[in-house]
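Asker:
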Amino acid sequence: MEELKIYIADDDFDDRDFFMDALKSIDIDTEVSQFDNGVDLMDRLFSDVTLPHVIFLDLYMPIMDGFECLVDIRNFKKFKDIYIIAYSSIYRDREVNQLKEEGANQFLKKSSSLKELRELLSKSLKKVPYKNDEEVLKNEFVVLW
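Under full-length UniProt numbering, the first residue of the sequence shown carries the number 1, and numbering increases by one thereafter.
Now the structure itself:
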């Protein structure tokens, strides 16, 4: 069975490590690639033969932030089917609305609780259009926290 291919872009190593701990505790086969900025993520997207099913984008990163990455990704037809989950420890209505308008599929608020993050990731990944039992609405925008 094909693994769910995930990219995560977050400049904070501890946040990525915490994310990985939560992800490993979910019963789903994954292949994860990690990036500490948007430039490295974009370079990888353009060089990869097999694209990820889903990208988790931290909104606030140096060099190239999640907002810039989202716009760039959605500007290329090649990437149109990649499911994008923006995430941040900060929730602002204005920014979440901007994410929706620019083509993100979800906004996920970071959690400091491993149990809570695991539950949020589980709910979040069920929405990804990848071999799952739930019917996925491609144009549905989801906010989880």
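Every residue, glycine too, gets a C-beta built ideally from N, C-alpha and C.
Since we're looking at a predicted model, the values are computed, not measured.
The beta strand (DSSP E) that contains residue 56, what's its start and end?
Answerer: As a position in the sequence shown, residue 56 is number 56, starting the count at 1. Where residue 56 is concerned, the enclosing beta strand (DSSP E) stretches over 54-58.
Asker: Measuring CB atoms only, is the stretch 56-72 touching the stretch 35-48, in the sense that at least three cross pairs come out at less than 8 angstroms?
Answerer: Contact between the stretch 56-72 and the stretch 35-48 is present, because at least three Cβ pairs lie under 8 angstroms.
Asker: Once you ignore the five residues that flank residue 91 on each side, which residues in its own chain have a CB closer than 6 angstroms to its CB?
Answerer: Counting from one through the sequence shown, the residue named residue 91 turns up at place 91. Only 109 meet the Cβ criterion.
Asker: Let me make sure I understand the geometry here. Which of 22, 4, 6, 11 has the alpha-carbon closest to that of residue 112?
Answerer: The sequence position of residue 112 within the sequence shown is 112, counting from 1. If we check each option's Cα against that of residue 112, 22 comes out closest.
Asker: Quick check on this structure: which residue in 47, 120, 66, 45 has the alpha carbon closest to the alpha carbon of residue 100?
Answerer: As a working note, residue 100 is residue 100 in the sequence shown. Ranking 47, 120, 66, 45 by Cα distance to residue 100 puts 66 first.
Asker: With 16 other CB atoms within 10 Å as the buried threshold, where does residue 25 fall?
Answerer: Start at 1 with the first residue of the sequence shown, and residue 25 comes out as number 25. Residue 25 should be labelled exposed.
Asker: Hey, could you find the ends of the alpha helix (DSSP H) residue 73 is sitting in?
Answerer: Residue mapping note: residue 73 aligns to position 73 of the sequence shown, counting from 1. That run of the alpha helix (DSSP H) goes 66-74.
Asker: Just to confirm, is the Cβ distance from residue 46 to residue 8 under 7 angstroms?
Answerer: Working through the sequence shown from its first residue, we reach residue 46 at position 46. Working through the sequence shown from its first residue, we reach residue 8 at position 8. Cβ distance not < 7 angstroms, so residue 46 and residue 8 don't count as in contact.
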